[in-house]
Amino acid sequence: ALESLTAHTAAFDAFAANRDREVLRWVRWIARNDWADLEKRHVAALSAKDGKAARRALEALGHGSDRPGREALRAYVERNWARGDLRSVMAAMRALGHLRDELAIPLLADILRHNIRKDPGPSPHLHELGWTARHVYLSATAAEALGWVGTSAAESVLLDMFPKLRDFWVYTFHAGDHDWLRGCHVSPVHHRFVEALDAIGSRKLAPVVPAVLRSLPIDPDRGLLFECDAFEVLVARIVRRAKLTDAVVETALHILGDPRAEAADAMASAVVASPPALEVKPQSPEARAAQILSIVSLGTRHAEAIRAALDRYRAKPASRTRSFVCFYLSRTLGKISDADCVDQLHSILRDDPTETSSGLHDPPNVFIYRASAPFYRAAAAAALGRIGASRSAPTLLGVVADLDNATSVRHAAAVALGTVADQRSLARLTQLASGYPEVITRRALLEACRRVAVR
């Protein structure tokens, strides 16, 4: 921490028997130096050819600088952002943000204007190594710095620029994403914009909410989370602060066939807009609506309608859309901890067909089950764990014991048993864990045993 604050490296033996003597070296160095002199040295270091020394100075200046340091940082960014060392330019922009330097706002806005629409052309070498990513990280870091500055002027720049951003999958591709997976990962630019607006606490968000919803990625190729990731949490906060949560939820429910739900015209196209993942294919409108519903829902106000939608889609023939919708709706019920859905989730695990019942692929094959992924019964098991009703333990134990359930379903049930932590299930849990034939689920069962035992 002291090295970061001062850009000075002092000899220090963390394993020395006499730690006080080691600390004394720093105490003496600090006594011999004052910040004004250090700031001058840091400013001078920005012109040095030693890139590491310059980055250390940039970081130190960002922890606290008077006018000379701030002026030097702005000059450094202006001089180097187009062709200078990218890591150093990013460090300098962050330093200006940490200093809440309002005079840097025009410079940061200019960097955004020059980079958010930039086409870097074809990669000179292997694309996946990120050779075309410079403008992506300049844009993302400029937005991050504006969020740190946090003034109304910084907010205005972000709100003005957000609708001008390119589709999020363009940035992920330029940052090294595989062409087949376009749309499966969060854009660094969109993430930093949304994060900055959230940090500022902006209340002028309604016009950008459709664009924010469109920036949510899909990821069917690498598995799906039972909980919201960091970007999804930010999106939910933005929608809520814009006072549009109900409008987005109602629109999603309308798309999912709820006759009582009213779609908001301003949200309808954004709620169903799926990125064009070339290999894994776009989401259907219903699947995308269910995904967004699972992200923006924050309470039980619409729980009854969500349960009804889940039953409607459970009753449909097996399909990719059915699997995704049921997965996301189960995820939603767990997220909002809807106690009234416990029996419904039990029914999904007890009564809906196991994944093995649809057949298995013959090896060699990277897929085991012929059932349509994602396996929504895994989301149902995870939801029971989040709700935490002890009466779910017998159903979850039955899921773990039945090897016709997919690995992900049994593992989710094992994790949920640890969360439910029903004392009456400890003996059966211990028995299952002692000889379970699958390592990942056995470890989850052992952890569940530990949690139940110490409850």
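For the sequence shown, the working numbering assigns the number 1 to the initial residue and increments by one for each residue that follows. The C-beta atom is built at its ideal place from N, Cα and C for all residues, glycine as well. Quick caveat: nothing in here was measured; it's all calculated off a predicted structure.
Item	Value
Leaving out five residues on either side along the sequence, give the residues of the same chain with a beta carbon under 8 Å from the beta carbon of residue 342.	384, 387, 389, 391 and 392
Can you give the Cα-Cα distance for residue 284 and residue 64, rounded to whole angstroms?	50 Å
DSSP on residue 224, reduced to helix/strand/coil?	coil
Quick check: the segment 233 to 247 against the segment 295 to 305, are at least 3 beta-carbon pairs closer than 8 Å?	yes
What distance in whole Å lies between the Cβ atoms of residue 333 and residue 345, which are believed to be in contact at a cut-off of 8 Å?	7 Å
May I ask which residues mark the beginning and end of the alpha helix (DSSP H) holding residue 47?	Here residue 47 belongs to no alpha helix (DSSP H), and DSSP marks it neither H nor E.
At what residues does the alpha helix (DSSP H) containing residue 180 begin and finish?	No alpha helix (DSSP H) contains residue 180, which DSSP labels as neither H nor E.
Does residue 436 come out as helix, strand or coil in the three-state DSSP assignment?	coil
Please specify which runs of the alpha helix (DSSP H), each continuous and at least 4 residues long, are wholly inside the segment 63 to 113, giving them in chain order.	67 to 80 and 86 to 98
Do you know offhand how far residue 159's Cα is from residue 172's?	21 Å
Taking the continuous alpha helix (DSSP H) assigned at residue 230, which residues delimit it?	230 to 241
With residue 214 and residue 270 assumed to form a contact (beta carbons below 8 Å), what rounded beta-carbon distance in angstroms separates them?	5 Å
Beta-carbon within less than 8 Å of residue 234's beta-carbon, same chain only, minus the 5 sequence neighbours each way: which residues are those?	191, 194, 195 and 198
Among the residues of its own chain, which have a CB less than 6 Å from the CB of residue 261, if the five just before and after it don't count?	250, 253 and 254
Specify, as a first and last residue, the run of the alpha helix (DSSP H) that residue 185 falls within.	No alpha helix (DSSP H) contains residue 185, which DSSP labels as neither H nor E.
Rounded to whole angstroms, how far is the Cβ of residue 209 from the Cβ of residue 189, which I believe are closer than 8 Å?	So it is not a contact: roughly 17 Å between Cβ atoms.
Bridge partners of residue 360, per DSSP?	369
What do you get for residue 477, buried or exposed, if any count of 16 or more other CB atoms within 10 angstroms of its CB means buried?	Residue 477 cannot be examined here, being either before or after the span of the chain that is shown, 1 to 455.
For my contact list, residue 379 and residue 416 are in at a C-beta cut-off of 8 Å; report their separation, rounded to the angstrom.	About 11 Å; that fails the 8 Å criterion.
Closest to residue 353 by CA distance: which of 321, 362, 402 and 325 is it?	402
Can you check which of these residues, 26, 106, 102 and 170, is closest to residue 135 by C-alpha distance?	170
Could you name the residues of the same chain whose beta carbon sits closer than 7 Å to that of residue 272, not counting the 5 residues immediately before and after it, in chain order?	255, 285, 288 and 289
From the DSSP output, in three-state form, read off residue 118 for me.	coil
Measure from the alpha carbon of residue 451 to the alpha carbon of each residue in 339, 420 and 8, then state which is nearest.	420
Would you mind giving the Cβ-Cβ distance between residue 178 and residue 133, rounded to the nearest angstrom? I have them listed as a contact below 8 Å.	Contact doesn't hold; Cβ gap of about 14 Å is too wide.
If we ignore side chains and look at the alpha-carbon of each, how far apart do residue 410 and residue 399 end up?	6 Å
Please state the DSSP three-state secondary structure of residue 337.	coil
Quick one: what's got a C-beta closer than 8 Å to residue 74's C-beta in the same chain, skipping five residues either side?	96, 101, 103, 104 and 107
State the start and end residues of the unbroken alpha helix (DSSP H) segment that holds residue 418.	407 to 420
Which runs of the alpha helix (DSSP H) fall wholly inside the segment 261 to 330 and span at least 4 residues, in chain order?	265 to 272, 285 to 296 and 303 to 314
Anyone know if the C-beta pair for residue 161 and residue 112 falls short of 9 Å?	yes
For residue 257, which option in 109, 306, 317 and 440 has the closest C-alpha, if you only look at C-alpha atoms?	306
Within 10 angstroms of the Cβ of residue 429, are there 16 or more other Cβ atoms? Answer buried if so, exposed if not.	buried
Rank 291, 369 and 347 by C-alpha distance to the C-alpha of residue 335 and give the top, closest one.	291
Report the three-state DSSP secondary structure of residue 169 (helix, strand or coil).	helix
For residue 382, report the span of its alpha helix (DSSP H) as first-last.	376 to 387
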